[in-house]
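Structure, as structure tokens:
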Amino acid sequence: MGWSISHGGTRHGYSYTSVDNLFARLKKAASWGQRRTLKPILSRRSGEALFSVEPRTAADIGATLIDLAPLLPRDDDWQGMATQIGQSALRAASANEPWRWS
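The sequence shown begins at 388 in the numbering used here and counts up by one.
Okay, here's the thing in structure tokens:
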């Protein structure tokens with residue numbers, strides 16, 4: 388099992404473990420301000436109850452994920468994963484829809 392992220396965030400399917408591992412890498416790469424921006428997703432644990440992020444916040448998270456992606460290790464495609472999830476947040480914001488995780 389894993390997270391189902393709206394707007395194409397998990398079109399390749401990511402397990403809870405892989406998302407948790409991505410979050411650990413993001414925390415190391417991010418500045419204090421970036422971690423604060425990412426808090427709505429970084430504070431979640433595997434299998435936690437579904438949640439949604441409002442469009443404006445999703446836009447900020449998406450931009451931050453895309454900015455951080457090049458700083459992540461290339462092994463296991465952490466960059467691609469951060470980019471895919473970031474792009475889904477931007478798509479949700481662009482459509483003025485909540486970005487949903489379940």
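Beta carbons are placed, not taken as given, at the ideal position from N, Cα and C, and that holds for glycine. Quick caveat: nothing in here was measured; it's all calculated off a predicted structure.
Beta-ladder partner(s) of residue i, from DSSP
i, result
"F438", "W488"
Three-way DSSP call (helix, strand, coil) for residue i in this model
i, result
"G467", "helix"
"S393", "coil"
"S418", "coil"
"S402", "strand"
"L459", "coil"
"S481", "helix"
"S475", "helix"
"R431", "coil"
Spatial neighbours of residue i in its chain, beta-carbon cut-off 8 Å, leaving aside the 5 residues before and after
i, result
"A416", "L455, L458, L459"
Rounded C-alpha distance that separates residue i from residue j
i, j, result
"G389", "T451", "22 Å"
"L477", "R431", "20 Å"
"D462", "N483", "34 Å"
"Q466", "S489", "22 Å"
Contacts around residue i, its chain only, beta-carbon distance under 6 Å, and the 5 residues preceding and following it disregarded
i, result
"S402", "G389"
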